[in-house]
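Enquirer: Numbering (the numbering used here), first residue to last: 2 to 526.
Just so you know, even glycine gets a beta-carbon here, dropped at the ideal spot from N, CA and C.
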């Protein structure tokens, strides 16, 4: 998953918290749902055929499981692409990365359930990681942190042969990346032929999954085992890299089309002949790390605007708030693209102002977060802490009557938690956008503070006195902007007229907090 984040960074718009959420949904949402469905189907078949449950599970694993698991893994992406308005801002690489992250979580849960009670049999390996004594040959191998970071798309477990530990590529990662590519073609394609072509990578993902499960069920079939070894070897790596390469080409073409349709979001350095990378790199090196974070946030936000502009089903009136925000931020970056604008600015000042303007979480969101973490404690104790030989007593406790009851009581209300949590981090439609390092200068091009306050109130509420949905910013990234040098050194806030609201005053309908100097960063209640 880390390699997916790094390789897709130049064309990706989703941030790492969203990818981490996809990982959690793949483990606790898709993995649990798939396990429950397969168990229910297997029990019904075993009852109807009057055979053992294990025999039926062996058949289900290579007949219906590949199709069911792949469809369940992409179900959250399908729902997100259909329901969320921010899907217009996603590129093809975003769908590939989110699909691969969901597959990584799914595969991790599958292996944890397979080897969860093997902590007593695990012994440390000389190469790092642990070896589980199981059978005479090909002992299961659990990699350590060094092996995971030093491998490309590793599987959760490997094997130990005559040449030492071997860590194959994660089958669920590249099958889910293929399925994510299919969802991306479905939602990003302009032509009917392109959207129908999404069935090709989805069929490939199901076929790869079927070959892997069939070889595991019939290990005497040499042809199936050979195909499985190739897919877990170099073929798996080329499949993932091929998905990323296709997403790169698609998104770069889409970005160029968006630039032609929105020429007003180009920086002054770009209009002078520099490339986007050179212009952003020059700004990022002005005042590290503040300008670096500003440049990264701006690049991600502008990239989302360009993708949305080039989307075949984008409505211009719904895209106008995001376009206006990016244009304003472009002007601010042009005005501060010099060493003089940052002279005398200290990191302490930037950090304090960022903390002052950072919105606080509502109490109900804090309560939900704490409750979700508490519900996950028994599972973490059993699967993570209890997986080591020195702490295997924890697993023995949870497999007993008291611990099993406590674990089940915590897991029952907790497993739907990630399934309903897609909306907040996919906050491209309802962002918590705020300046990271500093507030913009009150003397901006939009006019006097009172004029900006009136425009802020007007954009906050509709003429009928209700919150306007069109006025909500749709920025997928949090971006900070540097004002002129005079506003950095001024320690006092600007004096506002008596008719303008206070710096943190709610609008009359209490729909969002408005600020006279930060019109584009209003936090929803």
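Express the C-alpha separation of residue 343 and residue 176 in angstroms, rounding to a whole number.
Expert: Residue 176 and residue 343: Cα-Cα distance of roughly 48 Å.
Enquirer: How long is the line joining the alpha carbons of residue 158 and residue 333, rounded to whole angstroms?
Expert: Approximately 50 Å, taken between the alpha carbons.
Enquirer: By Cβ distance, which residues of its chain are closer than 7 Å to residue 11, with the 5 residues on each side in sequence left out?
Expert: The answer is none, since no qualifying residue turns up.
Enquirer: Kindly indicate which residue of 337, 306, 339 and 340 has the alpha-carbon position closest to the one of residue 326.
Expert: Out of 337, 306, 339 and 340, 306 has the C-alpha closest to the C-alpha of residue 326.
Enquirer: For residue 155, which beta-bridge partners are listed by DSSP?
Expert: In the DSSP output, where bridge partners are listed per residue, residue 155 has 170.
Enquirer: Compare the C-alpha of residue 148 against each of 129, 160 and 56 and name the closest.
Expert: For the residues 129, 160 and 56, the minimum Cα distance to residue 148 belongs to 129.
Enquirer: Under 8 Å, do residue 39 and residue 61 count as touching if we go by C-beta distance?
Expert: For residue 39 and residue 61, yes; Cβs fall inside 8 Å.
Enquirer: Tell me whether residue 63 is buried or exposed, calling it buried when 16 or more other Cβ atoms sit within 10 Å of its Cβ.
Expert: The residue in question, residue 63, is buried, as its Cβ has 16 or more Cβ neighbours within 10 Å.
Enquirer: Could you tell me the distance, in whole angstroms, from the CA atom of residue 324 to the CA atom of residue 205?
Expert: C-alpha separation (whole angstroms): 38 Å.
Enquirer: Between residue 144 and the rest of its own chain, which residues show a CB-CB distance below 6 Å, the 5 nearest in sequence each way excluded?
Expert: Excluding residues within five positions, the ones whose Cβ falls inside 6 Å are 130 and 168.
Enquirer: Measuring CA to CA, which of 109, 115, 74 and 111 is closest to residue 99?
Expert: Measuring from the Cα of residue 99, the nearest candidate turns out to be 74.
Enquirer: Go ahead and label residue 207 buried or exposed: buried means 16 or more other beta carbons lie within 10 angstroms of its beta carbon, across all protein chains shown.
Expert: When all chains shown are included, residue 207 counts as buried.
Enquirer: Cα separation between residue 493 and residue 341?
Expert: Summary for residue 493: the model assigns pLDDT 36, below 50, so the residue's position carries little reliability, and this model does not support an answer.
Enquirer: For the candidate residues 126, 48 and 250, whose alpha-carbon lies nearest to that of residue 141?
Expert: The residue with the shortest Cα to Cα distance from residue 141 is 126.
Enquirer: What number of angstroms, rounded off, separates the C-alpha of residue 154 from the C-alpha of residue 96?
Expert: Spanning the two alpha carbons is a distance of roughly 17 Å.
Enquirer: List the whole-angstrom C-beta distance separating residue 183 from residue 170, where the pair is believed to meet the contact cut-off of C-beta under 8 Å.
Expert: Actually they do not touch by this definition, with Cβ atoms about 20 Å apart.
Enquirer: For residue 304 versus residue 14, is the C-beta spacing smaller than 8 Å?
Expert: Yes, the Cβ-Cβ distance between residue 304 and residue 14 is below 8 Å.
Enquirer: Would residue 284 and residue 292 qualify as a contact pair, given that the criterion is a beta-carbon distance under 8 Å?
Expert: In this structure, residue 292 lies closer than 8 Å to residue 284 by Cβ.
Enquirer: Give every residue of the same chain whose Cβ lies closer than 6 Å to the Cβ of residue 173, excluding the five residues on either side of it in the sequence, and list them in chain order.
Expert: Here the set comprises 104, 107 and 108.
Enquirer: Rounded to a whole number of angstroms, what is the C-alpha to C-alpha distance between residue 254 and residue 180?
Expert: Approximately 22 Å, taken between the alpha carbons.
Enquirer: State buried or exposed for residue 251, treating a residue as buried only when at least 16 other CB atoms are found within 10 Å of its CB.
Expert: Residue 251 comes out buried.
Enquirer: Indicate the three-state DSSP secondary structure (helix, strand or coil) for residue 251 in the structure shown.
Expert: Reduced to three states, the DSSP call for residue 251 is helix.
Enquirer: Do residue 5 and residue 76 have their beta-carbon atoms positioned less than 8 Å apart in this structure?
Expert: The answer is no: Cβ separation not under 8 Å.
Enquirer: Apply the 10 Å Cβ neighbour rule to residue 302 and answer buried if 16 or more other Cβ atoms are within range, or exposed otherwise.
Expert: Classification for residue 302: buried.
Enquirer: Considering only residues of the same chain and omitting the five flanking positions on each side of residue 32, which have a CB-CB separation below 6 Å?
Expert: The residues are 107 and 110.
Enquirer: For the beta strand (DSSP E) containing residue 140, list its first residue and its last residue.
Expert: 140 to 143 is the extent of the beta strand (DSSP E) around residue 140.
Enquirer: Residue 276: which of 354, 260, 289 and 83 sits nearest, CA to CA?
Expert: Measuring from the Cα of residue 276, the nearest candidate turns out to be 260.
Enquirer: Could you please give the first and the last residue of the uninterrupted beta strand (DSSP E) stretch that includes residue 124?
Expert: Start and end: 123 to 125.
Enquirer: Taking only the alpha-carbon atoms, compute the straight-line gap between residue 46 and residue 66 and give it to the nearest angstrom.
Expert: Roughly 14 Å between the two C-alpha positions.
Enquirer: Rounded to whole angstroms, what's the CA-CA distance from residue 312 to residue 266? Just pull it up for me.
Expert: One C-alpha to the other measures close to 17 Å.
Enquirer: Return the CA-CA distance between residue 117 and residue 383, expressed in angstroms with no decimal places.
Expert: Near 8 Å, if we compare the C-alpha coordinates of residue 383 and residue 117.
Enquirer: Does the beta-carbon of residue 363 have 16 or more other beta-carbons within 10 angstroms, so that it is buried, or is it exposed?
Expert: By the neighbour-count rule (16 or more Cβ atoms within 10 Å), residue 363 is not buried but exposed.
Enquirer: Output yes or no for whether 8 Å exceeds the beta carbon distance between residue 232 and residue 212.
Expert: The answer is yes: Cβ separation under 8 Å.
Enquirer: When the distance is taken between beta carbons, is residue 189 closer than 8 Å to residue 320?
Expert: No; because the gap between Cβ atoms is not below 8 Å, this pair is not in contact.
Enquirer: So what's residue 17 in DSSP terms, helix, strand or just coil?
Expert: Looking at residue 17 - three-state DSSP - the assignment turns out to be helix.
Enquirer: Using a Cβ-Cβ cut-off of 7 Å (strictly less than) and excluding sequence neighbours within five positions of residue 244, which residues of its own chain qualify?
Expert: Closer than 7 Å at Cβ, skipping near neighbours: 97, 178, 179 and 182.
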